[in-house]
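Participant: The opening residue of the sequence shown carries number 10 in our numbering; numbering runs sequentially from there.
After the structure tokens below, expect a handful of questions from me.
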Amino acid sequence: TPGLRGLQDKASLEALLMACGAAERAGKPVFLKVAPDLDPEAITDICGVVRGPGAWLSGLIVSNTTIARPDSLKSADKGEAGGLSGAPLMKPSTDVLASFARELKDEFDLIGAGGIASGADAYRKIRAGAHAVQLYSAMIYEGPGLAEQINRELVRL
């Protein structure tokens with residue numbers, strides 16, 4: 010989505026969260042989903058905003074798609090614009106999740122997303138600080154039974 014990453018800068022995020030605060034008063038859980046393409050300063054800024062104007066949030070979903078294109082990407086379409094999801098997102102999204110978990114401690118629920126396709130992947134997110142995980146891309150390939158498979162694998166870990 011063109012301009013989407015711009016909504017994560019401090020001023021834009023403060024304005025967005027103040028405008029969305031009415032959702033909290035409606036009793037609906039609201040999570041802020043952030044990209045993995047964040048430097049440490051941006052993570053600190055986002056944490057400050059969610060502790061301030063965004064203190065009403067239920068938590069954060071870490072992370073959305075990435076605009077980065079790793080050298081290891083083999084797809085002929087790797088030069089295309091847009092968000093990259095799936096397996097290439099696992100490491101960068103888990104690293105950013107761990108940074109948010111260190112910074113926010115247990116102040117907010119964190120949902121780990123990005124590259125999860127197995128129980129071991131879900132466990133990596135949990136070890137990095139996730140309270141829950143979100144699946145998407147892998148379900149396209151594995152189907153809705155993937156959630157049950159991941160649960161079974163987690164029990165065995």
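Glycine included, each C-beta is placed from N, C-alpha and C at the ideal position.
1. Put D54 into one of helix, strand or coil per three-state DSSP.
2. Just to confirm, is the Cβ distance from S108 to I52 under 8 Å?
3. Please check the pair A122 and S102, which I expect to be a contact at CB under 8 Å, by giving their CB distance rounded to whole angstroms.
4. So which of F40, P45, E162 has the shortest CA-CA distance to A64?
5. Taking the beta strand (DSSP E) that K114 belongs to, which residues open and close that run?
6. Hey, L26 and L69 are a contact pair by Cβ (cut 8 Å); roughly how many whole angstroms apart?
7. Under three-state DSSP, which class holds I120?
8. Please name the residue or residues paired with Q143 in a DSSP beta bridge.
9. Using DSSP with H/G/I as helix, E/B as strand and the rest coil, what is K42?
10. Identify whether L163 lies in helix, strand or coil by the three-state DSSP scheme.
11. Measuring alpha carbon to alpha carbon, tell me which residue in N160, G152, G154, E151 is nearest A141.
Facilitator: Checking against the coordinates, here is how it stands:
1. helix
2. yes
3. Right, their Cβ atoms sit about 7 Å apart.
4. F40
5. From DSSP, K114 is part of no beta strand (DSSP E); its letter is neither H nor E.
6. Not quite, the Cβ-Cβ distance comes to about 12 Å (not below 8 Å), so this is no contact.
7. strand
8. A122
9. strand
10. helix
11. N160
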